[in-house]
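*Asks:* Line order of the protein sequences matches chains A and B.
Numbering-wise (our numbering), the first sequence opens with residue 4 and increments by one.
Numbering-wise (our numbering), the second sequence opens with residue -11 and increments by one.
Take this structure, written in structure tokens, and hold onto it; I'll ask about it next.
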Amino acid sequence: MGFSQSFFAQKFGLTERDLESYLSEALSCGGEYADLYFEYLATSSIGIDEGIVKNASQGVELGVGVRVLVGEKTGYAYSDDLTPDKIRKAARVAARIAQGPSSVVKTGFEEAHKHNLYPMLRSPHEAGLAERVDLVKRADRAARAADARVFQVQATYADNLREVLVATSDGRLSFDRQPMARMGVWVLARQGDGTPQHGHSGGGGRVSLEFFLNEKTPEYFAQEAVRQAIVQLSAVEAPAGEMTVVLGPGWPGILLHEAVGHGLEADFNRKGVSAFSGRVGQQVASPLCTVIDDGTIGSRRGSLNVDDEGTPTRQNVLIENGVLRGYLQDQLAARLMKSASTGSGRRESYQHIPMPRMTNTFMLAGESDPEEIIRSVPRGVYCTSFGGGSVDITSGNFVFSATESYLIEDGKLTRPVRGASLIGNGPEALKYVSMVGNDLKLDEGVGICVKEGQNIPVGVGIPTVKIDRMTVGGTGA
Amino acid sequence: MSELEQMAQNAVARALSLGATGAECTFAEGEEFSAGVRMREVESLKQAGSRGAGIRVLIGRNIGSSRTSDLTPKGIEEMVRSALDLARVTTEDPHGGLPDPEELGSLTTPLELYDEGVGTLETEWKIEQARRAEDVALSADPRIQNSEGAAFESYLGTRAFANSLGFHGSYRTSSCGLSVVPVAKDANGAMERDYWHTTARKASAIESAEEVGRRAAERALRRLNPRKIATQKAPIIFEPRTARSLLGELLDTVNGGAIYRHASFLAGKLGEKVASDALTIIDDATLPGLFGSSPFDDEGAKARRTMVIEKGVLKSYLLNSYSARKLGLKTTGNASRGLSGNAGVGPGNFYIEAGVLTEEAMIAGVRQGLYITELIGATANTVTGDYSSGAAGLWIENGELAYPVAEITIAGNLKQMLMDLSQVGSNLEFRGSVASPTIMIREMTISGR
């Protein structure tokens, strides 16, 4: 498909000449580089609560962001009105970051190479509402049928389609249609008059509605949410102190996102404020650890055909056999650090300045049998599900909160324990990885990463991993 | 009447003419500005405005919602039609509807939410504030040689609302703020960062750049060379910034939505003693000049003051009209939403009433304990009350702040923590819609070495 058939050309009559003229305006005060990010986002969500479909919403957001770079400086403006006058006005505002005679925009665009990682979809506004409603009703029924102790169920189905167009002053042009769909189920269960416990499950990715009919069904998510709540009914206090922690496969990969991923984003390292700054080539993890950030995995939540600066995404090795290999770069960091963008420039919307961000971050599988890993632990905890995490990239201290864990006693899983935070230090924690399982799994597709107030979808993954020493923040002995 | 208010009324009228039996509509616009400075140079300038609208329609007791950033007549028509289409696929909700008409209204006392002065600040002046704050922090001590930067941000907004019961209103807001994040480094190269931030609705009410830079530097420096203390139980003092984070978790436990679903440990506890005598929590959207104030909530209910916990006794939940109806109560004017969808529950100014002790006196009374200056990754389970968070702070020994601690967690159960809340400081300041003075909890579990 050529530019003239693309969404913005068709719907708003945008031409390459227009793009050149906006970019010229953006460089009218002498910036070194400018780009335009056009976005049209159609959203839809359906929610069921107490067996009633209480919420059905749709939305449309559109606009364009104009960015101008000069040295380390960024000028940014946006408009939610795509008429030429308003776009030019935004371009002039962004231009003022520079102070000098105007610079020249390369004429003619070259369409960037891009992947083909997700299905071409209809907009959620064009597809059937009844099918969506049916998904949340099925989840509600399945959760209630799964266990008589379940007394509250909420389920949501949300999908969106984002049309983007990026044009740069060095003549790159790219456009993409980015689908996203996600289902979530939340339940409360109670045993007799006891304290209720909740369970939550969800998933999705850059997929169509058919994914939820054929691959991961509403019943699958409902049963998983119920299972988690029921497990918690018999949970005991989590232990407190340093001990061996075994992470189960999949979503616990959030450890990598917090412990190393953020610390390797190039903006922090360019400024020398990350605990990983200046450590490329050093051993920062056990030799068993190879950590990858990969934006090119088909249909994954964190994947993109091109990043939000028009650069094709790729597979980036962050840590190889324990040695720090490189950072995640966006255009600005790459210009300043004299390297190339790693396809990691991402932003929440046209209203936001792009930054280096993760896509899908995971650890490669090792050789250990997961059961053997558990058998090797005299006393510790085994964590299989997490709520979320945070990191202070400067000290390197990170936290992630376990929502489903079990005590390991004499090599056996004994009792489930209640939620607890785990804390560690990024450049140190992975040095204590002593076994890596052969069971790499990616998460179900629910991750949201927040950085400087910008939310973007991401994925994580990890095999079963044994960490000899980590602080578990429970209340028990 | 403002242009946006008129547009909201027109959209409501259009929805009724297309078959809705009720409708409510929000229009909002805003202008944002931010200037970032790093290592004494301008790093970024951002300036832009945007508008948006959202509508929620009822067909009987079926509800649909839609929103758009396309405010052309065609964009608005599509928004209204889309909400109506959606209402046809939802299930009839016996409790669905608009608020009771007698709850609707606009507070008429001056709320001082908008200051002309914020809109007239010169870009150069704003950049200079950020530059000075950072310069003060960078010049404070030789151990501070780096920074994540300083920023000056300002915002002007207008929000308009109308519904089919005849309510309409709009209000303008302004805010501005200054922050800086210095990075301190010890002799071994280990780094610590901290920040200070000032924000106000009035340009004249923010702290000076010197004050912001000085406090940020002081906070970053005192974190250097932290120790990881042993696992133990100890008294915990939360300074206002971290106390506010903890109070934010309590907000979820009095949220009417969590109450009617039995998803809070405070469900069914109205009138019961749930906290120590030292604790009084109020929600008040009528306080002039503050971030949680507004003349009416996001479904048009008049702003008000609600006693939530009085001397340890649970007096009220925070409710919108829906959760109130579910619980057989009256709304507390806490409806909150973006532009569209069913309203959730949000705070006005949700705060812990100040006590009489100074923070110094509270610290002086502790033989061994922890003064918490940062919480990272806090999680609270509102159903069970389980609370756990990463933390950093200063160890208290014999009534004095002795040394920094880091890479620890604190944990407890909110039910017990409320009962164990033994002291409340006199230093209440409003830096957002949730505010707390320094508070002390008699005992929590610290997990460390």
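C-beta atoms are modelled at their ideal positions from N, C-alpha and C, and glycine is treated no differently.
Beta carbon of A:Tyr81, beta carbon of A:Ala98: below 9 Å?
*Replies:* Against a cut-off of 9 Å, the Cβ pair of A:Ala98 and A:Tyr81 comes out as no contact.
*Asks:* So with CB distances below 7 Å, who are the chain A contacts of B:Ser57?
*Replies:* Near B:Ser57 (Cβ distances below 7 Å), the residues of chain A are Val63, Glu64, Leu65, Gly66, Asp83.
*Asks:* Can you give me, in chain order, the residues of the region 447 to 479 of chain A that have a beta carbon less than 9 Å from any beta carbon in chain B?
*Replies:* Thr474, Val475, Gly476, Gly477, Thr478, Gly479
*Asks:* Taking the C-alpha atoms as reference points, what is the distance between A:Arg328 and A:Thr293?
*Replies:* 10 Å
*Asks:* Nearest to A:Ala269 by CA position, among A:Ala133, A:Leu138, A:Pro357, is which residue?
*Replies:* A:Pro357
*Asks:* Per DSSP, B:Leu302 forms a beta bridge with which residues?
*Replies:* B:Ile297
*Asks:* Are the Cβ atoms of B:Ser94 and B:Gly157 separated by less than 9 Å?
*Replies:* Yes, they are a contact pair.
*Asks:* If we define contact as Cβ-Cβ less than 9 Å, is A:Thr247 a contact residue for chain B?
*Replies:* no
*Asks:* Report, in whole angstroms, the separation of the C-beta atoms of A:Ser371 and A:Met438, which I expect to be a contact under 8 Å.
*Replies:* 5 Å
*Asks:* What is the rounded straight-line gap between the Cα of B:Arg293 and the Cα of B:Phe284?
*Replies:* The straight-line gap from Cα to Cα measures roughly 12 Å.
*Asks:* In the region 3 to 76 of chain B, which residue ranges form an unbroken alpha helix (DSSP H) of at least 4 residues, counting only runs that do not cross its ends?
*Replies:* List check, alpha helix (DSSP H) in window: 61 to 75.
*Asks:* Are the C-beta of B:His185 and some C-beta of chain A separated by less than 9 Å?
*Replies:* no
*Asks:* Have a look at the DSSP bridge pairing and note the partners of A:Thr159.
*Replies:* The bridge partners DSSP lists for A:Thr159 are A:Gly50, A:Gly187.
*Asks:* Is there at least one Cβ from chain A nearer than 9 Å to B:Phe226's Cβ?
*Replies:* no
*Asks:* Compute the beta-carbon to beta-carbon distance between B:Ala246 and B:Thr370, rounded to the nearest angstrom, for a pair I have assumed lies under 8 Å.
*Replies:* 6 Å
*Asks:* On the DSSP letters alone, give me the boundaries of the beta strand (DSSP E) that B:Pro170 sits inside.
*Replies:* For B:Pro170, the enclosing beta strand (DSSP E) has its first and last residue at 156 to 173.
*Asks:* Counting only beta-carbon atoms, is A:Ala145 nearer than 9 Å to chain B?
*Replies:* Judged by the 9 Å Cβ criterion, A:Ala145 is not in contact with chain B.
*Asks:* Is it the case that the Cβ atoms of A:Leu168 and A:Phe11 are separated by a distance below 9 Å?
*Replies:* yes
*Asks:* Expressed to the nearest angstrom, what Euclidean distance is found between the alpha-carbon atoms of A:Leu26 and B:Leu306?
*Replies:* 50 Å
*Asks:* Please name the residues in the region 29 to 41 of chain B whose beta-carbon is closer than 9 Å to at least one beta-carbon of chain A, in chain order.
*Replies:* Glu29, Val30, Glu31, Ser32, Leu33, Lys34, Gln35, Ala36, Gly37, Ser38, Arg39, Gly40
*Asks:* For B:Pro283, which of helix, strand or coil comes out of DSSP?
*Replies:* coil
*Asks:* Considering only residues of the same chain and omitting the five flanking positions on each side of A:Leu267, which have a CB-CB separation below 7 Å?
*Replies:* Phe279, Leu321, Tyr330, Leu331
*Asks:* Can you tell me where the alpha helix (DSSP H) holding A:Glu213 begins and where it ends?
*Replies:* 213 to 217 is the span of the alpha helix (DSSP H), which, as asked, contains A:Glu213.
*Asks:* Does B:Pro87 pass the burial test, meaning 16 or more other C-beta atoms within 10 Å, or should it be called exposed?
*Replies:* Result: buried.
*Asks:* How would you call B:Arg211, buried or exposed, if buried means at least 16 neighbouring beta carbons within 10 angstroms?
*Replies:* buried
*Asks:* What three-state label does DSSP hand A:Asp179 in the structure shown?
*Replies:* strand
*Asks:* Using the three-state DSSP reduction, which class does A:Arg328 fall into: helix, strand or coil?
*Replies:* coil
*Asks:* Under a three-way DSSP split, which group does B:Val242 fall into?
*Replies:* coil
*Asks:* When DSSP labels each residue in this structure, what does B:Gln404 get in the three-state scheme?
*Replies:* helix
*Asks:* Which residues, in chain order, does the region 381 to 407 of chain A contribute to contact with chain B at a C-beta distance below 8 Å?
*Replies:* Gly390, Gly391, Gly392, Ser393, Val394, Asp395, Thr397, Ser398, Asn400, Phe401, Val402, Phe403, Ser404
*Asks:* Would A:Gly464 pass as a contact of A:Lys434 if the rule is Cβ separation under 9 Å?
*Replies:* Contact flag unset, no.
*Asks:* DSSP three-state label for A:Lys76, please.
*Replies:* strand
*Asks:* Going by alpha carbons, who is nearest to B:Ser233 out of B:Val422, B:Gln35, B:Glu(-7)?
*Replies:* B:Val422
*Asks:* I want to know whether the region 382 to 393 of chain A touches the region 302 to 315 of chain A - three or more CB-CB distances under 8 Å.
*Replies:* no
*Asks:* If I measure Cβ to Cβ from A:Leu17 and keep anything under 7 Å in the same chain, skipping five residues before and after, which residues do I get?
*Replies:* Phe11
*Asks:* So A:Asp296 and A:Gly251 are in contact, right, with Cβ under 8 Å, and what is the actual spacing, rounded?
*Replies:* About 21 Å separates the two Cβ atoms, so there is no contact after all.
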